[in-house]
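Numbering (this note's numbering), first residue to last: 8 to 467. Even for Gly, the Cβ is constructed at its ideal location relative to N, Cα and C. Keep in mind it's a predicted model, so treat the numbers as computed, not measured.
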Ligand code: AMP
């Protein structure tokens, strides 16, 4: 099957050829015709399946027909949970729309709001946004939704995990009733179905990746190692086996920073990406990694989810994740779009129960390995895979969130929003500075102090 068989315009198929795409992925083959047909779509698809093109290509096609957006008006709104994902979606839209006269803008928190307001005066055929900043811009009259034709919720499950449900509901109330809705989510949980009820109209349901299945092209390995030897083992693996690019996950922001210092002292280029970093530092780290100037990117879960890094050969779980489902998301960063990859987990004796929980979730015993010179004092007990279904482990409740955590976005993912806001935020008036919208929510779009950063708008 070719993209032209899906009824896409030659301007769009040409952009795909330039990008080197030959055939549509399964989600694209199913979603594109349905969306072009004007149907609402609910799709269960994880990052790595080509879902972004799955909704942006037909969206561009539909938008290319109508009149361009007027000042401050938005014709299609894409909501994403994190700034990085917003930027990634925006970059995709830019690439795919290179032969079309459509304007696309991206807005998120952590950067100054004024340039965003100025740019929105030109209107946006497509606006990619994180929920918090979108509401801020609306409250400052920088956005008008009366002409909105399409709403996309990308990584809807993650938005719910991060406590964005109230923001999303508030945003939906601002939109015209007649519109096309697309909902993309890694899974169709009860919460997602509940959200969809009030949002989506007679949808076509598409599912391409079975829940919690790990990519076939990823080789998974567990290295048994003592806690204090993990950094040395990581340096050893990188240098001995000449790993050119590796994404490393740590459980905490401090752990990420400490590991970066350790790697740098061994003359390995490394950068950390987590919610305590300013938006510009996060983008610098990510872009440096993508440009292969940074060999090791050390990340925490929330920020890393959804990052699209081409054909990443190695992912290391320096710490096992707090939430077992994050294991699947983490290793989804490697072996993508047909490329093979290796996902390595460092497991200490104390982590044995978490390892067994993950194995139960993925229904697979992961191969164990001990690297010569790094033998642990005590081995992990044998896995006895229990095939009873397991619910994802919920992290312990944070004792009392620090202000920076509330602002910068690092609360571990949980199934339900952790706390309800005490009172309804005022979206039409100004909000006291530094007041968190709802503790301990992770609002990526709402930093403590706006820092200098990128804002992009193009083509008009
Ligand atoms: P996504 O799931 O949207 O994050 O996309 C995962 C990766 O697959 C991205 O790097 C895309 O550029 C790439 N991709 C998307 N569609 C195709 C396709 N039809 N052929 C080849 N690569 C693709």
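Classified as buried, residue 165 has 16 or more neighbouring CB atoms from the shown chains inside 10 Å of its CB. Residues of the same chain with a CB within less than 6 Å of the CB of residue 250, apart from the 5 flanking positions on each side, are 321 in chain order. Inside the stretch 284-338, DSSP marks whole alpha helix (DSSP H) runs of 4 or more residues at positions 286-297, 308-311, 331-338, from first to last along the chain.
Within its own chain, the residues whose Cβ lies closer than 7 Å to the Cβ of residue 99, once the five positions on either side in sequence are excluded, are 59, 60, 63, listed in chain order. Taking 7 Å as the cut-off, the beta carbon of residue 163 is found no closer than this to the beta carbon of residue 206. When beta bridges are read from the DSSP output, residue 375 appears opposite 229. DSSP places residue 215 outside both helix and strand once states are collapsed to three, so it counts as coil.
For residue 273, the CB contacts under 6 Å within the same chain, skipping 5 residues up- and downstream, are 242 in chain order. Excluding sequence positions up to five before and after residue 213, its CB lies within less than 8 Å of the CB of 34, 37, 38, 41, 48, 49, 50, 51, 52, all in the same chain and listed in chain order.
Pairing residue 18 with residue 107 gives a Cβ-Cβ distance under 7 Å.
Residue 80 and residue 387 have their C-alpha atoms roughly 58 Å apart.
Taking the C-beta atoms as reference points, residue 8 is found no nearer than 7 Å to residue 32.
Per DSSP, residue 36 is not a residue of any beta strand (DSSP E); the alpha helix (DSSP H) it occupies stretches across 33-43. For the pair residue 303 and residue 277, the CB atoms are nearer than the 7 Å cut-off. Distances from the alpha-carbon of residue 238 to those of 10, 352, 117, 74 put 352 closest.
Less than 7 Å divides the Cβ of residue 84 from the Cβ of residue 134.
If you draw a straight line from the Cα of residue 23 to the Cα of residue 383, it comes to about 50 Å. Residue pairing of residue 348 in beta bridges, as defined by DSSP: 225. Per DSSP, reduced to three states, the secondary structure at residue 133 is strand. Counting along the chain, residue 363 sits inside the alpha helix (DSSP H) bounded by residues 359-369. Judged by the Cβ position, residue 55 qualifies as a neighbour of ligand 1 at the 6 Å threshold, a heavy atom of the ligand being closer than this. Counting C-beta pairs closer than 8 Å gives fewer than three between the stretch 327-341 and the stretch 284-292, which falls short of the contact rule. Following the DSSP letters along the chain, one finds residue 140 inside the alpha helix (DSSP H) bounded by residues 138-146. For ligand 1, a non-hydrogen atom lies closer than 6 Å to the CB of residue 32. In the DSSP assignment, residue 149 falls outside any alpha helix (DSSP H) and carries neither an H nor an E. In this structure, residue 301 lies away from residue 263, with their beta-carbon atoms at least 7 Å apart.
DSSP places residue 98 within a helical segment (H, G or I) once states are collapsed to three. Taking C-beta atoms as the reference points, residue 115 and residue 131 fail to come closer than 7 Å. Rounded to the nearest angstrom, the Cβ distance from residue 54 to residue 225 is 14 Å, too far for a contact under 8 Å. Distances from the alpha-carbon of residue 14 to those of 385, 57, 69 put 69 closest.
Distance from the CA of residue 240 to the CA of residue 381, rounded to the nearest whole angstrom, comes to 7 Å.
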